[in-house]
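S.K.: Handing you a structure now.
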Amino acid sequence: MTFEQLELAEPILRALKKENYSRPTDIQAQAIPHVLNRRDVMGSAQTGTGKTAAFAIPILQHLERDRRYGGKRGVVNALIVTPTRELAIQIGESLTAYGHYTGIRNTVIFGGVKQGKQVEALRRGVDILVATPGRLLDLMDQGIISLSKVEYFVLDEADRMLDMGFIHDIRKIIARLPAERQSLFFSATMPDDIVSLSRKILSDPVKVAVSPVSSTAETIRQYLYYTNKSDKNDLLLHILKDPDMDQVLLFARTKHGADRIVKNLGKKKISAAAIHGNKSQNQRQKALGQFKDGKVRVLVATDIAARGIDIDQLRYVVNFDIPNVAETYVHRIGRSGRAGEEGVSISLCEPEENAYIRDIEKLIDLKIERVEDHPFPQTERPMTAAEKQEFEKEKQRRKQEYFASRKRGGGGQGRQNRGRRR
1 MTFEQLELAE
11 PILRALKKEN
21 YSRPTDIQAQ
31 AIPHVLNRRD
41 VMGSAQTGTG
51 KTAAFAIPIL
61 QHLERDRRYG
71 GKRGVVNALI
81 VTPTRELAIQ
91 IGESLTAYGH
101 YTGIRNTVIF
111 GGVKQGKQVE
121 ALRRGVDILV
131 ATPGRLLDLM
141 DQGIISLSKV
151 EYFVLDEADR
161 MLDMGFIHDI
171 RKIIARLPAE
181 RQSLFFSATM
191 PDDIVSLSRK
201 ILSDPVKVAV
211 SPVSSTAETI
221 RQYLYYTNKS
231 DKNDLLLHIL
241 KDPDMDQVLL
251 FARTKHGADR
261 IVKNLGKKKI
271 SAAAIHGNKS
281 QNQRQKALGQ
291 FKDGKVRVLV
301 ATDIAARGID
311 IDQLRYVVNF
321 DIPNVAETYV
331 HRIGRSGRAG
341 EEGVSISLCE
351 PEENAYIRDI
361 EKLIDLKIER
371 VEDHPFPQTE
381 RPMTAAEKQE
391 FEKEKQRRKQ
401 EYFASRKRGG
411 GGQGRQNRGR
421 RR
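Per UniProt numbering, the sequence shown runs over residues 1 to 422.
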């Protein structure tokens, strides 16, 4: 399939040619025809698959065609909601490039900056609005933005919205959209909460998906360290003694885990910063900027927060926690060794993660090189199924005991406080 076969408007084809786009990617070839036929679409695709163009190109085509039939200019006809400023800017740039010859105007709004310039752009008139949830709701509440004329709605990276706590904001935005609209919904993963949200947004959607990548670049050297969970921090410090490792992207499974790693590195005078869903856009932008500028040596990220982040000539990726989805490993280490440059991935594996390594090696069809000469070898064994069950029971019992004691203590404190107020 070619873009010409999609019967796109001439100004859009000209812009795609200028951008050296010749053939649609897999997700574009699947999604664009359905969007052009005005069907709702539920898309499952990772970053780097050409997902932005899969919704941007057909929306531009709709607006270009609507104009020919007297559609009103300068009102928000299309709304694209994204979780972060970085992604919003990237989408805005793509719309500007693909719509270069159409005269269709887009603007990008996000929080963390003064709203003056964004308000000026909105008042000049805009056809496509790209927004982060918080700033969009702010300007709607001020009466600056109306969604009454929105015909095309896109929710991008829905799973990341969930991770960052934006779901309530999204529900508020949806409640203020016209019922008659075309909706497009994209998410790299589809947990139950995301599927439930999609049902509230989409009407009889077509489902499209791109198979996750399953191979690693030959330019990436992969190393595996078996260790114990309790020794991971010490092993990481041992590895970071290598002076060549002056810029390291490190992946942690959880937000709190990422913060703990930053704290532990800080105690050893190793500059580190974390990016995850609990960090504000300003905090994430600052951490990324400091990492790129060499002021921070180790950038600790969760998988969802790291999406869309591009770091030129990154050489080292460390998996502090082994991902339980094999494809995630491929995406993580694929951030190094780009454009023919050499990359290095280092994975720290505790006993409970041994099975994940087997899945990863099966997916990539490669045995990862083991590093056995280090001071923190794996001496513990993985728990059996019965031990795991007992461990979970004990964890639950302790949790209940902890909250019960807090409730008892909190109740007494509350009565004392009420006594003082009287």
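Ideal Cβ placement from N, Cα and C applies to all residues, glycine included.
Please read all numbers here as calculations on a predicted model, not as lab measurements.
Count the other CB atoms, across all protein chains shown, that sit within 10 Å of the CB of Glu86; report buried if there are 16 or more and exposed otherwise.
M.R.: That one is buried.
S.K.: Just list the beta strand (DSSP E) runs in the region 300 to 360, keeping only unbroken ones of 3 residues or longer that don't cross its boundaries, in chain order.
M.R.: Listed in chain order, the complete beta strand (DSSP E) runs (minimum 3 residues) inside the region 300 to 360 are 316 to 319 and 343 to 349.
S.K.: Can you check which of these residues, Tyr356, Arg65, Asp66 and Ser94, is closest to Lys51 by C-alpha distance?
M.R.: With distances taken between Cα atoms, Lys51 lies closest to Ser94.
S.K.: Quick check: what's the CA-CA separation for Leu236 versus Ser347?
M.R.: The straight-line gap from Cα to Cα measures roughly 10 Å.
S.K.: Please confirm whether Ser318 and Phe251 have their CB atoms less than 9 Å apart.
M.R.: Ser is not the amino acid found at residue 318; the sequence shown has Val there. Going by C-beta atoms, Val318 is nearer than 9 Å to Phe251.
S.K.: Taking the beta strand (DSSP E) that Arg221 belongs to, which residues open and close that run?
M.R.: From DSSP, the beta strand (DSSP E) with Arg221 extends over Ile220 to Tyr226.
S.K.: Tell me the rounded alpha-carbon separation between Ser272 and Val248.
M.R.: Reading off the sequence, residue 272 comes out as Ala, not Ser. Cα to Cα, Ala272 sits roughly 9 Å from Val248.
S.K.: Flag this pair as yes or no: are the beta carbons of Ile333 and Ile357 separated by less than 9 Å?
M.R.: No; because the gap between Cβ atoms is not below 9 Å, this pair is not in contact.
S.K.: Using C-beta distances below 6 Å, list every residue in its chain close to Pro11, excluding the 5 sequence neighbours before and after it, in chain order.
M.R.: Contacts found: Tyr101 and Thr102.
S.K.: Using a Cβ distance threshold of 8 Å, determine whether the region 264 to 271 contacts the region 295 to 307, with at least three qualifying pairs required.
M.R.: Output reads yes: the region 295 to 307 touches the region 264 to 271.
S.K.: When you compare each of Ile275, Ala179, Ala97 and Val35 to His256 by their alpha carbons, which one comes out closest?
M.R.: The residue with the shortest Cα to Cα distance from His256 is Ile275.
S.K.: Taking just the CA atoms, how far does Ser405 sit from Gly412?
M.R.: In this prediction, Gly412 scores a pLDDT of 43, lower than 50, which makes its location untrustworthy; the coordinate-derived value is nonetheless stated afterwards. Whole-angstrom Cα-Cα distance: 11 Å.
S.K.: Where Glu380 and Glu369 are concerned, what is the direct C-alpha to C-alpha distance, given to the nearest angstrom?
M.R.: Roughly 21 Å separates the two Cα atoms.
S.K.: Please report the distance separating the alpha-carbon of Ala56 from that of Tyr98.
M.R.: Cα to Cα, Ala56 sits roughly 8 Å from Tyr98.
S.K.: Taking the beta carbon of Gln400 as the centre, do at least 16 other beta carbons fall within 10 Å, making it buried, or is it exposed?
M.R.: Exposed is the call here.
S.K.: What span of residues does the beta strand (DSSP E) with Ile128 cover, start to end?
M.R.: It spans Ile128 to Ala131 - the beta strand (DSSP E) in which Ile128 sits, taken as one unbroken run.
S.K.: Note down the Cα distance separating Ala31 from Leu63, rounded to an integer number of angstroms.
M.R.: One C-alpha to the other measures close to 17 Å.
S.K.: Helix, strand or coil for Lys18, going by three-state DSSP, please let me know.
M.R.: DSSP places Lys18 in helix when its eight states are reduced to three.
S.K.: Am I right that Gly340 and Ile220 are in contact with their C-beta atoms under 8 Å? What's the rounded C-beta distance?
M.R.: At roughly 11 Å, the Cβ-Cβ gap does not stay under 8 Å, so Gly340 and Ile220 are not in contact.
S.K.: I need the straight-line Cα distance from Asp244 to Ile304, nearest angstrom please.
M.R.: So the alpha carbons of these two residues sit roughly 28 Å apart.
S.K.: Please confirm whether Ile309 and Tyr329 have their CB atoms less than 9 Å apart.
M.R.: Their beta carbons are not under 9 Å apart, which means Ile309 does not touch Tyr329 by this criterion.
S.K.: Look at the alpha carbon of Leu139 and the alpha carbon of Leu13, and state the distance between them as a whole number of angstroms.
M.R.: So the alpha carbons of these two residues sit roughly 34 Å apart.
S.K.: Just verifying my parser: in three-state terms, what is the DSSP assignment at Phe166?
M.R.: Here Phe166 sits in coil by DSSP.
S.K.: Would you call the CB atoms of Thr44 and Met164 closer than 9 Å?
M.R.: According to the sequence provided, residue 44 is Ser. The question's Thr does not apply to it. Result no, Cβ atoms of Ser44 and Met164 do not sit closer than 9 Å.
S.K.: Measuring only the C-alpha atoms, how far is Glu120 from Asn233?
M.R.: In a straight line, the C-alpha of Glu120 is about 50 Å away from that of Asn233.
S.K.: Please classify Lys279: is it buried, with 16 or more other beta-carbons within 10 angstroms of its beta-carbon, or exposed?
M.R.: Buried is the call here.
S.K.: Can you give the Cα-Cα distance for Leu147 and Gln283, rounded to whole angstroms?
M.R.: Roughly 30 Å separates the two Cα atoms.
S.K.: In this structure, does DSSP put Ile270 in helix, strand or coil?
M.R.: Looking at Ile270 - three-state DSSP - the assignment turns out to be coil, as it is neither helix nor strand.
S.K.: Do Gln118 and Thr107 count as a contact pair if the criterion is CB distance below 9 Å?
M.R.: Yes, the Cβ-Cβ distance between Thr107 and Gln118 is below 9 Å.
S.K.: Suppose the cutoff is 6 Å on Cβ atoms and the five residues either side in sequence are ignored; what does the same chain contact list for Gly419 look like?
M.R.: Confidence at Gly419 is low in this model, with a pLDDT of 40, below 50, so its placement is unreliable and no value can be given for it.
S.K.: Mind reading off the beta-carbon distance from Leu202 to Ser187? Whole number of angstroms is fine, and I expect it under 8 Å.
M.R.: Wrong, their Cβ atoms sit about 12 Å apart, outside the cutoff.
S.K.: Taking only the alpha-carbon atoms, compute the straight-line gap between Lys292 and Ile311 and give it to the nearest angstrom.
M.R.: Looking at the two C-alpha atoms, the distance is approximately 7 Å.
S.K.: Between Val75 and Lys149, is the Cβ-Cβ spacing less than 9 Å?
M.R.: Contact: yes.
S.K.: Excluding the 5 residues flanking Cys349 on each side, which residues of the same chain have their C-beta closer than 8 Å to its C-beta?
M.R.: Excluding residues within five positions, the ones whose Cβ falls inside 8 Å are Leu224, Tyr225, Tyr226, Thr227, Ile322, Tyr356, Ile357 and Gln378.
S.K.: Ala78 and Asp127 - do their beta-carbons sit closer together than 9 Å?
M.R.: In this structure, Ala78 lies closer than 9 Å to Asp127 by Cβ.
S.K.: Quick check on residue 434: does DSSP put it in helix, strand or coil?
M.R.: The shown model of the chain, from 1 to 422, leaves out residue 434, and the question about it has no answer.
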